[in-house]
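Heads up, the sequence shown is in the numbering used here, so the first residue is 1 and it goes up one at a time. Note that beta-carbon positions come from the ideal geometry of N, C-alpha and C, so glycine has one too.
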Amino acid sequence: MYVSSKTLANKYSTAQQFVQILRVHASKSAHLKRFQLSKTEWDLLDKLFPLLEVFLIATKQISQSKTPLVHEVIPIFNIITQALNEHLEDLTLLPAICVAAAQGHTMLNKYYGLTDDSIIYRIAMRQCFILDTSPLPQGGVALRVDHHSQISFVK
């Protein structure tokens with residue numbers, strides 16, 4: 001099933017709005033109180049947010065183009081992979097977050113693996129990119145292309 005990146009961004013935005021409304025009304029209504037998250041659940045979400053934010057930023061970046069091209073998407077996959085690896089290696093994180101990172105890694109590798117047999121991928125990667133993941137002053141990661149345009153993911 002294909003879900004557009006705009007749909008994902010809209011669902012994420014809607015979920016954020018729902019959480020805010022629920023916080024206000026859950027304290028007033030016994031019926032809605034069952035949906036109120038516990039402190040432990042909020043702590044888990046707070047720790048999961050940085051990982052999910054990487055996907056949100058990537059989704060927004062890819063959705064800016066009506067038709068994302070291989071040479072634009074693969075470097076973004078690399079940035080996501082790097083973030084997932086950092087979460088997998090962080091021993092201070094809760095096991096649930098490490099499992100989420102591992103599942104994300106599995107899915108990303110599945111889709112990344114589909115590019116191995118693609119002639120378009122080979123041509124695009126051979127012709128276009130010099131990947132520089134040096135830190136930006138704002139704390140993000142820069143992706144530089146040979147014609148010096150820059151895509152940045154800033155926290």
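Original post:
Do the region 61-77 and the region 85-105 meet, that is, are 3 or more Cβ pairs less than 8 Å apart?
Top reply: Taking one beta carbon from each stretch, the region 61-77 and the region 85-105 have fewer than 3 pairs nearer than 8 Å; the two do not touch.
Original post:
Just the Cα atoms here: how many angstroms apart are threonine 14 and threonine 92?
Top reply: 31 Å
Subject >> Coil, strand or helix - serine 118 by DSSP >> reply: coil
**OP:** Under the assumption that isoleucine 119 contacts valine 70 (Cβ atoms under 8 Å), give the Cβ distance between them as a whole number of angstroms.
**Re:** Not confirmed; about 10 Å, so no contact.
Original post:
Which stretch, first to last residue, makes up the alpha helix (DSSP H) that contains lysine 66?
Top reply: Segment: none, lysine 66 is in no alpha helix (DSSP H) and carries neither H nor E.
**OP:** Sort Gln82, Gln17 and Phe18 by Cα distance to valine 54 and report the nearest one.
**Re:** Gln82
**OP:** Mind reading off the beta-carbon distance from alanine 58 to leucine 84? Whole number of angstroms is fine, and I expect it under 8 Å.
**Re:** Incorrect: roughly 11 Å between the Cβ atoms, too far for contact.
**OP:** Look up threonine 106 in the DSSP assignment and say whether it is helix, strand or coil.
**Re:** helix
**OP:** Compare the C-alpha of glutamine 36 against each of Phe18, Arg23 and Asp43 and name the closest.
**Re:** Arg23
Original post:
Between the C-alpha atoms of leucine 114 and glutamine 61, what's the straight-line distance to the nearest angstrom?
Top reply: Distance from the CA atom of leucine 114 to the CA atom of glutamine 61, rounded to whole angstroms, is 21 Å.
**OP:** Given a cut-off of 8 Å, decide if histidine 105 and leucine 51 are closer than it, judged by their beta-carbon atoms.
**Re:** For the 8 Å CB-CB criterion, leucine 51 and histidine 105 do not form a contact.
Original post:
Are serine 65 and glutamate 72 closer than 8 Å when you measure CB to CB?
Top reply: yes
Original post:
CB of glutamine 103 to nearest heavy atom of the ligand PLP: below 7 Å?
Top reply: The model on display carries no ligand, and the ligand PLP is accordingly not part of it.
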